[in-house]
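Residue numbers (this note's numbering): 541 to 825. Inspection log for the structure reproduced underneath, given as structure tokens.
Given below as structure tokens:
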């Protein structure tokens, strides 16, 4: 009876070790294949932070520059000290800020929606994912650079220039839609069927973690460094994301027959739009 029990315990131990080895191998395999995940995390973390703090800059600009309230009123609005401003003054500032935020949202949405029709097709034809991922990160860096200029020339540049600098560079380079089209198509072409789902899950988890940490960290970092220090840190983080993307992401997907391209404007081929809509109704293999 003791021998039976001993044999059972030994088999259990071997099963545990075998399971642990299997899990370890899976973790090592996944870690060796890491490519887009650090870039997604750093880009999303930084983007969430600076877009949140930019609202503070909008508030300061609208109060001090566009409307021209005195420092005591604007300081009270910034610190939410209701004894330092009237209700009508708060409404006037918030109304202007809301209009600029709505304009920023519109600009950040319109151009990527149009560009994605062309960029997605170009990426598939040429088997190029990296440029689609890198372009929006360049846009984020340019946005942070323009925001620093708006802080340096605080009273010279009105709020509309802040809004345009905060939205157009990212929007014209594809924004988040192009970034995630590049990320998910890269995973789809590079990963095996066994690893594809877990890689998509890791990217989604990285995105959610970056979102939560960005919301939690933005205010603390801003209070510690101010506008210029904060946006400079954002540029440093985005440059790190850009470097990681250039080092870790390799365009080695499914081989595609090369086609002749007629200059850079080939990316805006009208034929490719109709091709995109046809692809929506094709069966997946």
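We put the CB at the ideal spot given by N, CA and C, even for glycine.
ask   = Among 768, 772, 743, which has the Cα closest to the Cα of residue 584?
value = 743
request  = Could you say if the region 612-624 and the region 669-689 meet the contact criterion of at least three C-beta pairs nearer than 8 Å?
outcome  = no
ask   = What distance in whole Å lies between the Cβ atoms of residue 606 and residue 709, which are believed to be in contact at a cut-off of 8 Å?
value = Incorrect: roughly 22 Å between the Cβ atoms, too far for contact.
key: Reference residue 768; option with closest CA among 693, 563, 666   = 693
The region 677-692 / the region 771-788 touching (three or more Cβ pairs under 8 Å) = yes
message = I need the straight-line Cα distance from residue 638 to residue 620, nearest angstrom please.
response = 17 Å
key: Which listed residue (608, 563, 736) has its alpha carbon closest to that of residue 695   = 608
inquiry  = Between which residues of its own chain and residue 647 is the CB-CB distance below 7 Å, once the five residues before and five after are set aside?
reply    = 707, 708, 711
ask   = On the three-state DSSP scale, how would you describe residue 800?
value = With a pLDDT of 48 at residue 800, under the threshold of 50, the modelled position of that residue is not reliable, and no figure is offered here.
Extent of the continuous alpha helix (DSSP H) run through residue 613 = 611-618
query = Should residue 703 and residue 640 be called a contact, given that it needs their Cβ atoms to be closer than 8 Å?
reply = yes
task = Out of 655, 739, 760, 752, state which residue places its alpha-carbon closest to the alpha-carbon of residue 717.
result = 655
message = So for residue 720, helix, strand or coil by DSSP?
response = helix
key: Beta-carbon contacts of residue 687 that lie in its chain and below 8 Å, excluding the five residues immediately before and after   = 590, 594, 597, 702, 705, 706, 767, 771
ask   = Buried or exposed: which applies to residue 577, given that a residue is buried once 16 or more other Cβ atoms fall within 10 Å of its Cβ?
value = buried
message = With the cut-off set at 8 Å, would you say residue 579 and residue 785 are in Cβ contact?
response = yes
request  = Could you please give the first and the last residue of the uninterrupted alpha helix (DSSP H) stretch that includes residue 651?
outcome  = 627-666
CB-CB length for residue 764 against residue 582, believed under 8 Å = With 8 Å as the limit, residue 764 and residue 582 do not qualify as a contact, their Cβ atoms being about 19 Å apart.
message = Here's a check: name, in chain order, each residue in its chain whose Cβ is nearer than 6 Å to the Cβ of residue 625, leaving out the five neighbours to either side.
response = 613, 616, 617
request  = Assign residue 771 to one of three DSSP states: helix, strand, or coil.
outcome  = helix
ask   = Is the beta carbon of residue 665 sitting closer than 8 Å to the one on residue 791?
value = no
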